[in-house]
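According to this note's numbering, the sequence shown is numbered sequentially starting from 58.
We put the CB at the ideal spot given by N, CA and C, even for glycine.
It should be emphasised that the depicted structure is a prediction, and the values quoted were computed from it without experimental measurement.
As structure tokens, the structure follows; a few thoughts come after it.
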Amino acid sequence: MANVNIDWDNLSFAYQPVSKRYVANYKDGKWGKGALTEDATVTLNECAGILQYCQEVFEGLKAYKTKDGRVVTFRPDLNAERMIDSAKRLEMPPVSKEMFLEAVDQVVAANVDWIPPYESGGSLYLRPYLFATGPVIGVKPSDEYQFRLFATPVGSYFKNGIKPITICVSDFDRAAPHGTGHIKAGLNYAMSLHAYMTAHSNGFDENMFLDPATRTYVEETGGANFLFVTKDGTIVTPKSDSILPSITRRSLVHIAETLGYKVEQRPVKLAELTDFAECGLCGTAAVICPVGKVVDHGKEIAFPSGMKEMGPVLTKLYETLRGIQLGTAEAPAGWIREIK
Ligand SMILES: *Cc1c(COP(=O)(O)O)cnc(C)c1O
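Structure, rendered in structure tokens:
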């Protein structure tokens, strides 16, 4: 067993290598058998497709310890399906859902000592990714690929309490119309870094990206989808072909409907923001991070939920989803995969 000596209550979101990771290689038109390894380094040819033309897709999910001591992952089948869609869009050979889930199960089981305890609010973050290893110099898809899945323990996202953030409307676009905004690829992040650093240097926590064609509709941030709540308690979430289909957002929508809220998934105009009572960002990292204020080139849109706490409707959704993940609330069928 690993010799783990971690201050669980002071873990941040930073990479820390753990004992074992999963590796499989694609060669001669097929995926080889995957296996666990202790080697955290990747050695690549200088002309590898990932280094030249950025052929890479990834996923992000977490393993948790539940209150009653079980080890679980949350809807990893949806991560597997999304990575298949992402890979196809970048002309990469997807790994099967079975191989993806086997990698999740094996890596979590091999690193159980690295999963933060239930009480800490932390989790074991899992990063599956697929990249081109074969050399390419003429522009074309690579012939060889590697699939890896590593794990790293991360602390509670809200260690210092749940505090609403302030975001700005970005002058940059995250995704082109008919581009790659709907897939989880490193290239979308490479091009959002400048926007992210610009927002930070102007004192904002995140960007609100608009639809690239007309810049009148709300899309998402660099790594999370939006959820809004109207003043009469309807949940509204932007619908667009260039936003990433967040598994957290889809799960929250399902929970909201089950709890009896009305949910609208439709294009959301920037001009509509003043109609909303609550705003949040949703993704695996935080589940929901409340947004207190949006600043659009000097014009401030402050949500009635304020800058002190998450609004009541988003809090209800947040607590329900956290409860499902941590085993204190009943999960819809198939949402929790227990690792034995
Ligand atoms: C990963 C990601 C999200 C969140 O998706 P989850 O499945 O909920 O973690 C949202 N937007 C972008 C751009 C992402 O890459």
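Quick check: residue i and residue j, are their CB atoms within less than 7 Å of each other?
{"i": "G117", "j": "T341", "result": "yes"}
{"i": "P347", "j": "P185", "result": "no"}
{"i": "P269", "j": "D298", "result": "no"}
{"i": "K122", "j": "P198", "result": "no"}
{"i": "V211", "j": "G106", "result": "no"}
{"i": "L284", "j": "G238", "result": "no"}
{"i": "I172", "j": "A120", "result": "yes"}
{"i": "D170", "j": "V310", "result": "no"}
{"i": "I292", "j": "V320", "result": "yes"}
{"i": "T287", "j": "F360", "result": "no"}
{"i": "Q112", "j": "L147", "result": "yes"}
{"i": "R394", "j": "T130", "result": "yes"}
Within its chain, find whatever has a CB closer than 8 Å to the CB of residue i; leave out the 5 residues flanking it on each side and keep chain order.
{"i": "M140", "result": "V114, F115, E116, P151, V152, F157, P185, L187, K241"}
{"i": "Q203", "result": "V80, A81, N82, Y83, V99, L187, F188, T190"}
{"i": "Y164", "result": "The identity of residue 164 in the sequence shown is Val, whereas the question assumes Tyr. Contacts found: K77, R78, Y79, L93, L183, L206, F207, A208."}
{"i": "A97", "result": "P74, R78, F207"}
{"i": "I358", "result": "L330, T331, K350, V351, V352"}
{"i": "T377", "result": "I312, L316, A386"}
{"i": "A343", "result": "Y214, F215, A281"}
Among the residues of its own chain, which have a CB less than 6 Å from the CB of residue i, if the five just before and after it don't count?
{"i": "N136", "result": "E116, L118"}
{"i": "I345", "result": "G337, C339, L371, Y375"}
{"i": "I396", "result": "V128, D162, V165, A166"}
{"i": "M364", "result": "P221, G349"}
In terms of residue numbering, what span does the beta strand (DSSP E) encompassing residue i cover?
{"i": "E357", "result": "356 to 359"}
{"i": "L181", "result": "180 to 189"}
{"i": "K84", "result": "78 to 84"}
{"i": "E395", "result": "393 to 395"}
{"i": "Y202", "result": "202 to 211"}
{"i": "T287", "result": "282 to 287"}
{"i": "A120", "result": "118 to 122"}
{"i": "Q73", "result": "Note, Q73: premise wrong, no beta strand (DSSP E); not H, not E."}
{"i": "M149", "result": "Run containing M149: none; DSSP gives neither H nor E here."}
{"i": "T273", "result": "Unbroken run through T273: none, as it is neither H nor E."}
{"i": "L267", "result": "Segment: none, L267 is in no beta strand (DSSP E) and carries neither H nor E."}
{"i": "F157", "result": "Segment 154 to 167 is the alpha helix (DSSP H) holding F157; no beta strand (DSSP E) there."}
{"i": "A92", "result": "92 to 94"}
{"i": "E321", "result": "320 to 323"}
Go ahead and label residue i buried or exposed: buried means 16 or more other beta carbons lie within 10 angstroms of its beta carbon, across all protein chains shown.
{"i": "S258", "result": "exposed"}
{"i": "C104", "result": "exposed"}
{"i": "D289", "result": "exposed"}
{"i": "P369", "result": "exposed"}
{"i": "D125", "result": "exposed"}
{"i": "S177", "result": "buried"}
{"i": "P389", "result": "exposed"}
{"i": "N168", "result": "buried"}
{"i": "G89", "result": "exposed"}
{"i": "V196", "result": "exposed"}
{"i": "E335", "result": "buried"}
Residues in its own chain within less than 7 Å of residue i by CB, not counting five upstream and five downstream?
{"i": "N264", "result": "I224, C225, S227, A252, Y253, A256, T278, G279"}
{"i": "R272", "result": "none"}
{"i": "P324", "result": "Y274, P295, K296, S297"}
{"i": "G380", "result": "A386"}
List the endpoints of the continuous alpha helix (DSSP H) containing residue i.
{"i": "N136", "result": "133 to 146"}
{"i": "T377", "result": "369 to 382"}
{"i": "Q109", "result": "106 to 110"}
Tell me whether residue i, by its Cβ, gets closer than 6 Å to a heavy atom of ligand 3.
{"i": "I292", "result": "Here the bound small molecules are ligand 1; ligand 3 is not part of this structure."}
query: Does the count of Cβ pairs from the region 155 to 168 and the region 245 to 254 closer than 8 Å reach three?
result: no
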